[in-house]
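Residue numbers (the numbering used here): 321 to 603.
Below you can see the structure in the form of structure tokens.
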């Protein structure tokens with residue numbers, strides 16, 4: 321499988337190239353192409369991974385690749401990058417977020433369904449070891465009453481505001497809750513901003529959920545953290561991303577290609593975009 325990349329300004333691209341071409345983690349897959357033109361950065365990536373093809377536009381990748389990974393730091397660019405690839409029947413991994421509006425995400429999901437392409441998107445926090453502690457043994461702690469996910473995110477980020485990091489918070493909560501579907505018209509949130517902090521309260525699958533987004537400072541940033549309050553216990557953990565945290569997302573994509581379908585349904589993929597859009601709109 322020949323893999324091409326869009327949004328090569330993102331450092332994640334170099335990680336994926338290393339996993340495929342230098343580490344050989346998926347022997348049947350190889351990174352072969354970059355879009356974005358013959359910039360100095362793309363030339364360095366091509367030399368680093370031994371890639372042979374550099375094209376100008378995402379659509380120019382068609383014919384050169386069998387799968388694509390879209391990594392633009394600004395998720396608002398993902399629809400434009402992804403649709404021509406899906407239209408060509410190419411499976412696509414969209415590095416978080418899937419999109420920054422419900423309209424764009426819905427259009428991408430519709431295009432994947434129409435062409436029969438596999439569309440995958442996931443926050444790397446879905447796969448960190450601590451998530452398993454929240455999902456296993458929950459019955460012993462009793463019913464989940466309140467879930468709180470905190471971490472860094474800047475509502476004024478040039479990369480679509482809260483969506484750049486804030487999607488991690490929402491996808492973490494959904495993974496812990498078992499990936500319930502929340503339809504765009506059913507999202508109810510109360511969001512407010514206090515200086516460098518945004519707090520949002522909502523209800524997901526009849527359970528109270530709070531998100532705290534803390535703008536990073538020059539001195540660093542808040543860790544990702546989750547607290548689950550049950551009737552008979554409380555579980556709290558920092559959520560740690562290791563040096564190869566993107567590897568699990570690539571594994572997720574390769575598995576989806578092998579199965580010929582995304583692990584999450586279109587409605588489940590749309591849900592985090594719907595929730596975070598509702599929060600951002602209140603700010």
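C-beta: ideal position from N, C-alpha, C; glycine also.
* In three-state DSSP terms, what is residue 378? -> Helix, per DSSP.
* **Cβ pair count under 8 Å reaching 3, the segment 535-542 against the segment 379-395** => no
* Identify every residue that forms a DSSP beta bridge with residue 528. => Residue 528 is bridged by DSSP to 466 and 523.
* Asked: Since residue 472 sits in a beta bridge, which residues does DSSP pair it with?
  -> 534
* To do: Output the boundary residues of the alpha helix (DSSP H) element that contains residue 484.
  => 483-496
* To do: State the Cα-Cα distance for the pair residue 403 and residue 532, rounded to the nearest angstrom.
  => 33 Å
* CB-CB length for residue 495 against residue 446, believed under 8 Å -> 5 Å
* Asked: Quick check: the segment 448-455 against the segment 413-426, are there 3 or more CB pairs under 8 Å?
  -> no
* With DSSP collapsed to three states, give me the class of residue 547. => strand
* Every unbroken alpha helix (DSSP H) inside the segment 380-456 [4 residues or more] -> 398-407, 422-435 and 449-455
* Asked: Is residue 409 buried or exposed, if buried means 16 or more other CB atoms sit within 10 Å of its CB?
  -> exposed
* Asked: Which two residues bound the contiguous beta strand (DSSP E) that contains residue 578?
  -> Residue 578 -> not in any beta strand (DSSP E); alpha helix (DSSP H) instead, spanning 567-579.
* So, residue 529 versus residue 468, is the Cβ gap smaller than 9 Å? -> yes
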